[in-house]
Amino acid sequence: MRDIMKILQQAQEMQGRMQKLQEELQAMTLTGTSGGGMVTVDVNGQGTIKRVKIDPSVVNPADTEMLEDLIAVAVAEAQRKAQERQQEQMGAIAGGMNLPFKLPF
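Per my numbering, residue 123 is the first one in the sequence shown, and the count goes up by one each step.
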């Protein structure tokens, strides 16, 4: 019975840490770039795009496909960084718990 109470207490603590983590992820900014910095995309720690910056020199009406590719690469890089950050922080939270089973992250 003590083990169950301990696990419940740890679960409540983890819930509080998860809430704090979500707030921290929402507040952080991660950046992805492409084209040597000609396209820059900022996302929050949850991967939501906050800002896209495009150097005017890369805007060519005759070649919009290149600009589209640069944007896609920058978005993917920024979102990959956000996902890595989420996994790092989730691992830190889960690592502090002594659970009798392994969590999937």
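For every residue, glycine included, the Cβ atom is placed at its ideal position computed from N, Cα and C.
Residue 155: which of 206, 165, 216 and 137 sits nearest, CA to CA?
165
Of the residues 210, 203 and 139, the one placed nearest residue 169, counting alpha carbons only:
203
Whole angstroms are fine: how far does the CA of residue 179 sit from the CA of residue 227?
With a pLDDT of 48 at residue 227, under the threshold of 50, the predicted position of this residue should be treated as unreliable, though the coordinate-derived value follows. If you take the alpha carbons of residue 227 and residue 179, they lie about 42 Å apart.
Taking 7 Å as the threshold (beta carbon to beta carbon), is residue 155 in contact with chain C?
Included in the structure is just one protein chain, with no chain C present.
What's the gap between the Cα of residue 184 and the Cα of residue 190?
12 Å
Helix or strand or just coil, what does DSSP make of residue 164?
strand
To the nearest angstrom, report how far apart residue 175 and residue 137 are at their CA atoms.
36 Å
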